[in-house]
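Structure record follows, encoded as structure tokens.
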Amino acid sequence: MTVGPSAATDCESTSGCHGHLARAVARALARRQWHPVVHHKAMPRYWRLGLVALCTLILSSCRAPVTNSPPTLPREALAGPPAADSAAACPEVACPDEVIGGTSQPAPLPYAPAGPWSPPGIKQPWPEDEYLVDGGDRGLPAAVRPDWQIQGLESEDTIAHFDTLDGRTLVEPSNPVFIYAPRFASVRKVVSLAQDEQTDQLGAVQQPTVPVRCDELQIAASSKQHVEAIRQNSAEPPIIYRSRSGDGAVSSVQRLGSFQDAFQPYENLKVIREGKVDKTERALLAAGIAAAIIWTDTESVQIMLDHQAATVDVGDQQDHDVYTVNEPPPCPRLRIIKVASTQTAEPGDVIDFTLRFDNVGNQPIGNVTIVDNLTTRLQYVPDSAQSSLKADFRTQQNDVGSDVLRWEITDPLRVGQGGVVRFSCRVR
Amino acid sequence: MVILLLTCVGRLAARQDEVHYLHQGAMPPGAIGSVQLQRGGPLPGFFQPVEIKAPPGAAISLAVGNTFEQPTPAPLRVGMLVGRVYRVRVTQIPLAEGIEVFPTIEIIDRLYAPKNQKRRFAIPIELTEEDLHMAAQGKFVTRVIYLEDPFRALPVSESQGRQNWFDVGRGRDPLAVADQLGRPVAILRMGGRLPRDNGPPDAAFLFGSPPFARYPASVRRLPAPPTSKPAAARKK
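Chain order of the listed sequences is X and U. Heads up, the first sequence is in this note's numbering, so the first residue is 46 and it goes up one at a time. Heads up, the second sequence is in this note's numbering, so the first residue is 2 and it goes up one at a time.
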């Protein structure tokens with residue numbers, strides 16, 4: 046029961062808060078402790094306990110006042126340096142807030158990015174239903190079974206798996222690419238306002254409308270059926286019922302088109318052209334990166350000894366540095382980066398995708414296979430696949446009505462070697 | 002205890018679902034949109050681009066100042082406020098000249114298009130010839146336009162630029178069905194009330210003639226002309 050000056054001091058140190066009330070209660074308690082006789086007679090036990098609980102509640106709620114308004118900056122911070130003719134522009138009259146100082150545009154408020162950009166006022170998660178995503182490894186992590194079947198490969202996934210010298214098979218996902226391509230559909234319901242009047246209903250069917258309906262019947266000769274699909278009411282996508290048709294049995298080997306050496310405009314990134322990571326391009330690539338792996342270190346090697354990167358062994362406080370070579374542990378790694386030709390698309394548009402893969406480990410890797418499981422609304426354009434390295438290309442229908450694209454790089458990848466594969470898709 | 006109860010109640014009220022399961026598509030125009038505005042978010046005051054499509058030859062006119070403006074050939078691209086109801090007059094319907102249909106369009110959600118792409122990605126409101134004829138015959142047609150969930154989208158292309166649609170079964174609510182398949186963004190109703198015969202239509206019929214923003218009609222981009230160089234390079 047030593048609630049008194051010390052607690053009040055703590056509250057003052059945190060500032061803001063219900064300081065006045067807390068200090069008054071603390072002073073009252075302290076005053077009571079200085080006169081124990083009066084304290085025991087005047088205050089019953091339940092009253093003292095209630096008062097202590099109240100003080101604890103008040104003191105534990107000490108925090109800085111929270112306001113929803115943005116932080117206010119001094120006018121100088123918004124106006125920037127005062128202009129020379131600002132006094133002449135507003136002589137003896139207070140300038141309104143819209144015209145601050147002599148600058149035409151005020152300095153922007155400080156912006157601290159926290160996560161991916163999203164419209165203000167929108168609670169997370171981001172409305173992803175307006176975007177098509179291709180790339181990455183969502184859901185269950187993809188893995189390669191001993192019989193070379195890939196499990197955990199959902200639609201939208203783009204992965205590459207390879208074999209290491211010690212016999213392991215590793216899987217590396219690419220970065221996801223987001224494309225704004227909303228598509229709409231509609232649900233119709235027709236209600237007759239004269240259902241009980243059968244005579245009127247029959248009279249409403251007039252002969253002049255018959256030719257129109259005949260035309261519509263011909264139009265409706267397509268494969269669409271405008272009847273509500275009951276199975277779509279389930280939580281699972283309706284395409285899952287198509288999975289009965291073969292599992293990997295239908296797979297066609299297609300000839301790869303010749304690779305075009307010229308890079309596309311959207312591939313004008315150093316990491317795509319040369320396989321070297323440039324820090325200035327991180328902002329462009331990081332927008333769609335979810336599986337960034339080795340982007341944190343500079344790839345350029347400063348000192349090479351025996352074809353291996355050397356590290357500083359002696360500190361740089363001296364006039365010279367001593368470099369040594371440490372035999373690194375085997376670390377096979379494959380980096381795969383995906384870019385798209387556009388960020389927005391409408392149904393019917395064709396999007397070009399480029400995958401850049403590099404062996405960024407310290408040992409050769411073999412059986413490099415790149416697999417792209419296209420999402421429902423992306424349709425592979427036939428004969429659009431290209432590869433800069435010798436590879437076998439296969440397509441296979443997936444469970445969501447699209448295709449699985451598969452490049453099998455024939456030759457092993459040496460350390461530092463990389464390649465580019467391209468393909469095109471049409472937005473459904 | 003009272004504070005704890007108040008906190009729990011407040012959080013429960015804030016965690017209202019995004020779907021419209023408690024509503025019905027048969028609710029009067031404006032009811033669903035007004036509830037949508039009460040849910041918060043950047044919806045009030047936002048002009049959502051909408052593209053109204055109609056059969057070839059049909060004309061569309063919107064309400065301005067408690068009267069309909071001059072008919073404009075379809076398609077028409079305008080910006081409509083979320084939560085308001087717009088009365089549209091459709092005239093010159095093919096094979097039904099002289100008959101006018103007065104559909105209503107209610108925008109109940111918006112899109113979040115990238116910067117400078119807002120007008121390009123408009124919500125399509127399709128007034129099909131079949132719907133117009135059924136409305137002219139006295140039937141009430143309700144279409145709930147929804148944004149497809151990419152994971153549940155049908156793996157088919159839109160035929161001739163027309164959106165995919167289907168009829169719901171008997172006793173089913175189109176709004177609830179659309180909620181299960183995606184995110185409803187607009188409700189089109191036609192076949193309801195008609196304006197009075199003499200004089201201009203009243204304000205209640207036009208739902209107050211809410212403001213709209215007129216955008217230039219979209220220009221359909223033609224496919225790129227075939228180039229001989231890439232084809233020749235592939236055949237090498």
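For glycine and all other residues, C-beta sits at the position ideal for the given N, C-alpha and C.
query = Got a sec: is the Cβ-Cβ distance from E477 (chain X) to anything in chain U below 8 Å?
reply = Any property of residue 477 (chain X) remains undetermined from this structure, which presents chain X solely from 46 to 473.
Next item on the list: Drop a sphere of 10 angstroms on the beta-carbon of L198 (chain X), count the other beta-carbons inside from all chains shown, and report buried for 16 or more, exposed for fewer.
Entry: In the first sequence, residue 198 (chain X) corresponds to position 153, counting from 1. That one is buried.
When the Cα of N443 (chain X) is compared with those of X:V395, X:D394, X:M88, X:I195, which residue comes out closest?
-> Here residue 443 (chain X) refers to the residue found at position 398 of the first sequence. Nearest option by C-alpha distance: X:I195.
| query | Whose CA, out of X:V445, X:V466, X:S447, X:E391, lies closest to the CA of I454 (chain X)? | reply | Along the first sequence, read from residue 1 onward, the residue named residue 454 (chain X) stands at position 409. The option with the nearest alpha carbon to I454 (chain X) is X:V466.
Counting only Cβ pairs nearer than 7 Å, list the residues of chain X close to R92 (chain U).
The sequence position of residue 92 (chain U) within the second sequence is 91, counting from 1. The sequence as given places Thr at residue 92 (chain U); Arg does not occur at that position. The contacting residues do not exist; T92 (chain U) stays about 17 Å from chain X at best.
Quiz item: Between the Cα of G170 (chain U) and the Cα atoms of X:T203, X:K234, X:F223, X:A230, which residue gives the shortest distance?
Solution: By one-based count along the second sequence, residue 170 (chain U) stands at place 169. Of the candidates X:T203, X:K234, X:F223, X:A230, the one whose C-alpha sits nearest the C-alpha of G170 (chain U) is X:K234.
task = Count the other CB atoms, across all protein chains shown, that sit within 10 Å of the CB of D110 (chain U); report buried if there are 16 or more and exposed otherwise.
result = Residue numbering aside, residue 110 (chain U) sits at position 109 when the second sequence is read from its first letter. The residue is buried, with at least 16 neighbouring Cβ atoms inside 10 Å.
Rounded to the nearest angstrom, what separates S105 (chain X) and Y91 (chain X) at their Cα positions?
As a position in the first sequence, residue 105 (chain X) is number 60, starting the count at 1. As a position in the first sequence, residue 91 (chain X) is number 46, starting the count at 1. Spanning the two alpha carbons is a distance of roughly 21 Å.
Report the option in U:G183, U:A187, U:R153 whose CA atom is closest to the CA atom of Q87 (chain U). Stepping through the second sequence from its first residue, residue 87 (chain U) is reached at position 86. Reading off the sequence, residue 87 (chain U) comes out as Tyr, not Gln. Of the candidates U:G183, U:A187, U:R153, the one whose C-alpha sits nearest the C-alpha of Y87 (chain U) is U:A187.
Worksheet entry | Alpha carbon of S231 (chain X) to alpha carbon of G46 (chain U), nearest angstrom | In the first sequence, residue 231 (chain X) corresponds to position 186, counting from 1. In the second sequence, residue 46 (chain U) corresponds to position 45, counting from 1. So the two alpha carbons sit approximately 25 Å from each other.
* Asked: Which stretch, first to last residue, makes up the beta strand (DSSP E) that contains S105 (chain X)?
  -> Within the first sequence, numbered from 1, the residue matching residue 105 (chain X) stands at position 60. No beta strand (DSSP E) holds S105 (chain X); the alpha helix (DSSP H) holding it covers 90 to 105.
ask   = Any C-beta of chain X sitting closer than 8 Å to the C-beta of Q17 (chain U)?
value = As a working note, residue 17 (chain U) is residue 16 in the second sequence. Low per-residue confidence applies at Q17 (chain U): pLDDT is 47, beneath 50, and the placement is therefore not dependable enough to give any value.
| task | Going by CA-CA distance only, name the one from U:L63, U:Q164, U:P202, U:L38 that's closest to I106 (chain U). | result | In the second sequence, counting from the first residue as 1, residue 106 (chain U) sits at position 105. Closest option to I106 (chain U), Cα to Cα, is U:L63.
* Asked: How long is the line joining the alpha carbons of D456 (chain X) and P375 (chain X), rounded to whole angstroms?
  -> Taking the first residue of the first sequence as position 1, residue 456 (chain X) is located at position 411. Taking the first residue of the first sequence as position 1, residue 375 (chain X) is located at position 330. C-alpha separation (whole angstroms): 20 Å.
TODO: In the DSSP assignment, find the unbroken alpha helix (DSSP H) run with V316 (chain X) in it and report its ends.
DONE: Position 271 of the first sequence holds residue 316 (chain X). It spans 315 to 318 - the alpha helix (DSSP H) in which V316 (chain X) sits, taken as one unbroken run.
Report task. Go to D180 (chain U), then tell me how far its alpha helix (DSSP H) extends in each direction, as first and last residue. Result -> The residue labelled residue 180 (chain U) in the question sits at position 179 within the second sequence. Element bounds for D180 (chain U): 175 to 182.
For chain X, check one thing: does any of its Cβ atoms lie closer than 8 Å to the Cβ of I61 (chain U)? Reading the second sequence from its first residue, position 60 is the one you call residue 61 (chain U). So, not an interface residue.
- Task: Assuming R459 (chain X) and N412 (chain X) form a contact by the criterion Cβ under 8 Å, report the distance between their Cβ atoms to the nearest whole angstrom.
- Result: Position 414 of the first sequence, counted from the start, is the residue given in the question as residue 459 (chain X). Position 367 of the first sequence, counted from the start, is the residue given in the question as residue 412 (chain X). That belief does not hold up - the Cβ atoms of R459 (chain X) and N412 (chain X) are roughly 14 Å apart, past 8 Å.
Q: Using a cut-off of 7 Å between C-beta atoms, extract the partners of V142 (chain U) located in chain X.
A: Residue 142 (chain U) sits at position 141 when you count from the first residue of the second sequence. Correct list: R233, V235.
Checklist line | Whole-angstrom C-beta distance between P218 (chain X) and D192 (chain X), which should lie under 8 Å | finding: Within the first sequence, the letter at position 147 stands for residue 192 (chain X). Within the first sequence, the letter at position 173 stands for residue 218 (chain X). D192 (chain X) to P218 (chain X), Cβ: 21 Å. No contact.
Checklist entry - Which bits of chain U does L175 (chain X) rub up against, with CB to CB less than 7 Å? => result Residue numbering aside, residue 175 (chain X) sits at position 130 when the first sequence is read from its first letter. The sequence given here places Glu at residue 175 (chain X); Leu does not occur at that position. The contacting residues are L112, Y113, L148.
Residues of chain X with CB closer than 7 Å to the CB of I53 (chain U), please, in chain order. In the second sequence, residue 53 (chain U) corresponds to position 52, counting from 1. Within chain X, no residue comes near I53 (chain U); the closest Cβ sits about 13 Å away, beyond 7 Å.
Does the stretch 29 to 40 of chain U come within contact of the stretch 429 to 436 of chain X, defined as at least 3 CB pairs closer than 8 Å? no
Excluding five sequence neighbours on each side, which residues of the same chain lie with their C-beta closer than 6 Å to the C-beta of R144 (chain U)?
Here residue 144 (chain U) refers to the residue found at position 143 when the second sequence is read from its first residue. Excluding sequence neighbours, R144 (chain U) sits near L189.
Answer yes if the stretch 191 to 198 of chain U comes into contact with the stretch 133 to 147 of chain U, meaning at least three C-beta pairs across the two stretches below 8 Å, and no otherwise.
yes
| Looking only at its own chain, which residues have a Cβ that is under 7 Å from the Cβ of L215 (chain X), when we skip the five neighbours before and after it? | In the first sequence, the residue the question calls residue 215 (chain X) occupies position 170. Cβ neighbours of L215 (chain X) beyond the five flanking positions: H206, F207, T209, P377.
| task | Measure from the C-beta of T389 (chain X) to each C-beta in chain U and report whether the shortest distance is under 8 Å. | result | Within the first sequence, residue 389 (chain X) is the residue found at index 344, counting from 1. True, the Cβ-Cβ gap to chain U drops below 8 Å.
| query | Exposed or buried, what is A307 (chain X) when buried is set at 16 or more other beta-carbons lying within 10 Å of its beta-carbon? | reply | In the first sequence, counting from the first residue as 1, residue 307 (chain X) sits at position 262. Counting Cβ neighbours within 10 Å, A307 (chain X) comes out exposed, since fewer than 16 surround it.
| task | Could you run through the stretch 202 to 229 of chain X and flag, in chain order, every residue whose CB is less than 8 Å away from some CB of chain U? | result | Y225, P227, R228, F229
request  = Please confirm if R473 (chain X) has its CB atom under 8 Å from at least one CB of chain U.
outcome  = Within the first sequence, residue 473 (chain X) is the residue found at index 428, counting from 1. Interface residue, yes.
For this session: Determine the burial state of F468 (chain X): buried for a count of at least 16 other Cβ atoms within 10 Å of its Cβ, exposed for fewer.
Result: Within the first sequence, residue 468 (chain X) is the residue found at index 423, counting from 1. Flag for F468 (chain X) reads buried.
Return the first residue and the last residue of the alpha helix (DSSP H) that D132 (chain U) is part of.
Taking the second sequence and counting its residues from 1, one reaches residue 132 (chain U) at position 131. Start and end: 130 to 137.
Skipping 5 residues on each side, what residues in its chain have a beta carbon closer than 7 Å to that of Q71 (chain U)? The sequence position of residue 71 (chain U) within the second sequence is 70, counting from 1. Correct list, in chain order: S62.
key: Reduced DSSP category for D476 (chain X) - H, G, I as helix; E, B as strand; rest coil   = Residue coverage of chain X in this structure runs from 46 to 473, which leaves residue 476 (chain X) outside it and unanswerable.
Q: Can you tell me which of the three DSSP states P76 (chain U) falls into?
A: For the purposes of this step, residue 76 (chain U) is taken as the residue at position 75 of the second sequence. P76 (chain U): coil per DSSP, three-state reduction.
* Simplified DSSP assignment, three categories, for S288 (chain X) -> Here the question's residue 288 (chain X) lines up with position 243 in the first sequence. Residue placement at S288 (chain X) cannot be trusted, given a pLDDT of 42 that sits under 50; what the coordinates show is reported in the next sentence. The answer is helix: DSSP assigns S288 (chain X) an H, G or I state.
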